[in-house]
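Visitor: There's a structure below that I have some questions on.
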Amino acid sequence: MVEPLSSVLDATTSVVKALKEISKKELSGQLTIRFFNSHSTGWRVYIGRGKVHYASSLVANQERINYLLSHYFPDLNRHPMQDQEQEYDYLCSFWRSGKISLQDLRQVIYTLTQEALIHCFASPPVQLEFEESVGLDPILVSASVKKIAYSVRPQVLGWMKLREGISSPLWRVGTEQLNGFYNAIAQNSLSQQSNINSSLAQLKPLAQALTAFPNLYALAQEFKVDVLTLAQELQPYAEQKQLQIKPYEEPKAPNGETPVVACIDDSHTVQRNVKLTLETAGYEVISLTEPGRALTALARKKPVLILMDITMPDMNGYDLSRMLRKSASLAEVPIVMLTGRDGVVDRLRARMVGANDYITKPFNPHQLIQLVQALTRQPQPVEQ
Numbered sequence: 116m117v118e119p120l121s122s123v124l125d126a127t128t129s130v131v132k133a134l135k136e137i138s139k140k141e142l143s144g145q146l147t148i149r150f151f152n153s154h155s156t157g158w159r160v161y162i163g164r165g166k167v168h169y170a171s172s173l174v175a176n177q178e179r180i181n182y183l184l185s186h187y188f189p190d191l192n193r194h195p196m197q198d199q200e201q202e203y204d205y206l207c208s209f210w211r212s213g214k215i216s217l218q219d220l221r222q223v224i225y226t227l228t229q230e231a232l233i234h235c236f237a238s239p240p241v242q243l244e245f246e247e248s249v250g251l252d253p254i255l256v257s258a259s260v261k262k263i264a265y266s267v268r269p270q271v272l273g274w275m276k277l278r279e280g281i282s283s284p285l286w287r288v289g290t291e292q293l294n295g296f297y298n299a300i301a302q303n304s305l306s307q308q309s310n311i312n313s314s315l316a317q318l319k320p321l322a323q324a325l326t327a328f329p330n331l332y333a334l335a336q337e338f339k340v341d342v343l344t345l346a347q348e349l350q351p352y353a354e355q356k357q358l359q360i361k362p363y364e365e366p367k368a369p370n371g372e373t374p375v376v377a378c379i380d381d382s383h384t385v386q387r388n389v390k391l392t393l394e395t396a397g398y399e400v401i402s403l404t405e406p407g408r409a410l411t412a413l414a415r416k417k418p419v420l421i422l423m424d425i426t427m428p429d430m431n432g433y434d435l436s437r438m439l440r441k442s443a444s445l446a447e448v449p450i451v452m453l454t455g456r457d458g459v460v461d462r463l464r465a466r467m468v469g470a471n472d473y474i475t476k477p478f479n480p481h482q483l484i485q486l487v488q489a490l491t492r493q494p495q496p497v498e499q
């Protein structure tokens with residue numbers, strides 16, 4: 116259930132004030148923080164009875180986790196995070212597999228939560244949403260907002276000074292004018308006034324890395340530097356327009372066009388929620404409410420993925436999925452079933468008729484985006 120903002124906070128409330136209010140009222144749920152200039156980018160704070168259980172980013176989860184674990188826990192024997200694996204479950208898997216103790220896991224979760232809250236506190240004006248669903252299991256950390264805010268104050272102030280430039284580590288930073296940036300960085304050698312590892316002062320590797328517009332977390336991990344220090348050192352070049360700052364890269368189809376996702380569901384509420392969630396993540400969504408007419412529209416629009424309700428009038432999702440798998444033009448398009456039921460039998464039946472995956476309603480927006488991205492990811496060409 117999404118609680119109206121007016122009952123907890125107003126649209127102009129700062130993140131700090133919102134968290135204080137939630138803490139004071141001892142509410143439980145998720146506070147989602149979205150940037151106005153990139154609605155799919157932001158942060159999410161998980162709260163129970165006014166205490167913070169966990170906080171993470173809405174995008175760049177893999178890059179952020181890789182950087183933070185290598186930076187703060189270099190001795191941790193890490194394994195890759197799998198597609199569709201939830202970040203919190205991934206962290207808990209280290210404990211479940213016996214790689215770390217429960218006490219160590221709590222420290223990992225607390226450290227990652229602190230880091231996320233730095234950016235929540237330092238963020239410019241944002242859009243706030245509060246949902247009364249915690250969604251974490253097991254709950255291992257329960258910290259006061261005040262305690263965390265006090266402990267990260269220096270880092271918050273550091274990021275606040277960068278608001279007019281590289282204001283978030285979720286941004287991608289880079290250059291399309293390699294020679295111009297090469298000359299600028301040569302004249303203002305980073306090594307003269309920084310604490311950055313000497314490898315960063317190696318001009319050519321840094322310049323080459325920036326041509327790919329890497330996420331700031333990924334760049335910090337590659338050069339083994341603190342992400343705030345890196346942002347501070349690159350900020351002058353952004354101010355000189357030698358570096359460009361872009362939102363976290365949105366998905367694009369191979370031909371450069373916006374990828375299309377089809378949603379077949381007779382519920383206008385579901386259609387609206389799917390459209391809002393996926394369009395902010397860079398997809399075009401076509402809404403189809405009549406399954407009997409879907410085949411013609413799907414063949415014309417050529418979606419990269421199809422979402423469909425299982426229980427619809429006239430034709431259910433299972434029958435429609437069978438028909439799609441017999442269509443020459445749509446047989447290979449990934450299908451995700453939408454349903455209000457969550458049982459083993461339903462999952463098996465969905466698989467038997469050719470569905471690739473299954474998501475229950477009401478869905479978590481972040482989970483839906485992750486699932487769609489995983490199923491529509493294009494394989495990388497093999498270099499000869």
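Take 116 as the starting number for the sequence shown in the working numbering and just add one per residue.
Where is the CB? At the ideal position from N, CA and C, for every residue including glycine.
1. Could you tell me which residues DSSP puts in a beta bridge with N330?
2. What span of residues does the alpha helix (DSSP H) with A377 cover, start to end?
3. Using the Cα positions of S266 and A327, report the straight-line distance between them to the nearest angstrom.
4. Skipping 5 residues on each side, what residues in its chain have a beta carbon closer than 6 Å to that of Y182?
5. Could you compute how far the alpha carbon of V117 sits from the alpha carbon of K356?
6. Which runs of the beta strand (DSSP E), 3 residues or longer, sit entirely within the stretch 329–361?
7. Whose C-beta lies closer than 6 Å to the C-beta of E202 among residues of the same chain, with five residues either side of it excluded?
8. Counting only the same chain and skipping the five closest in sequence on each side, list residues whose C-beta sits under 6 Å from that of Y205.
9. Using DSSP bridges, identify the partner residues of G163.
10. Is it right to say P269 is buried, meaning 16 or more other beta carbons lie within 10 angstroms of its own, or is it exposed?
11. What do you get for Q218, buried or exposed, if any count of 16 or more other CB atoms within 10 angstroms of its CB means buried?
12. Using 7 Å as the cut-off, classify the Cβ of A353 as near or not near the heavy atoms of the ligand HEM, replying yes or no.
13. Anyone know if the C-beta pair for W274 and L343 falls short of 8 Å?
14. Inspect the CB distances between the stretch 236–245 and the stretch 144–160 and report whether three or more fall short of 8 Å.
15. Could you give the residue range of the beta strand (DSSP E) that holds Y473?
16. Taking the C-alpha atoms as reference points, what is the distance between H194 and G163?
Guide: Straight from the coordinates:
1. DSSP lists R287 as the bridge partner or partners of N330.
2. Not the alpha helix (DSSP H): A377 falls in the beta strand (DSSP E), residues 375–379.
3. Looking at the backbone, the Cα of S266 and that of A327 are separated by about 35 Å.
4. These residues qualify, in order along the chain: Y332, A335, Q336.
5. Only weak support exists for where V117 lies, its pLDDT of 41 falling under 50; the value from the coordinates is given anyway. A straight-line Cα-Cα distance of about 41 Å links V117 and K356.
6. Correct list: 359–361.
7. So the qualifying residues of the chain are S171, N176.
8. These residues qualify, in order along the chain: M196.
9. Beta-bridge pairing links G163 to K166.
10. Under a 10 Å Cβ-count criterion, P269 is classified as exposed, with fewer than 16 other Cβ atoms of the shown protein chains found around its own Cβ.
11. So Q218 ends up on the exposed side.
12. No copy of the ligand HEM appears in this structure; indeed no ligand is present at all.
13. The Cβ atoms of W274 and L343 sit closer than 8 Å to each other.
14. The stretch 236–245, when compared against the stretch 144–160, does touch it at the 8 Å Cβ threshold.
15. Looking at the DSSP string, the run of the beta strand (DSSP E) that includes Y473 is 472–475.
16. The alpha-carbon of H194 is positioned some 29 Å away from that of G163.
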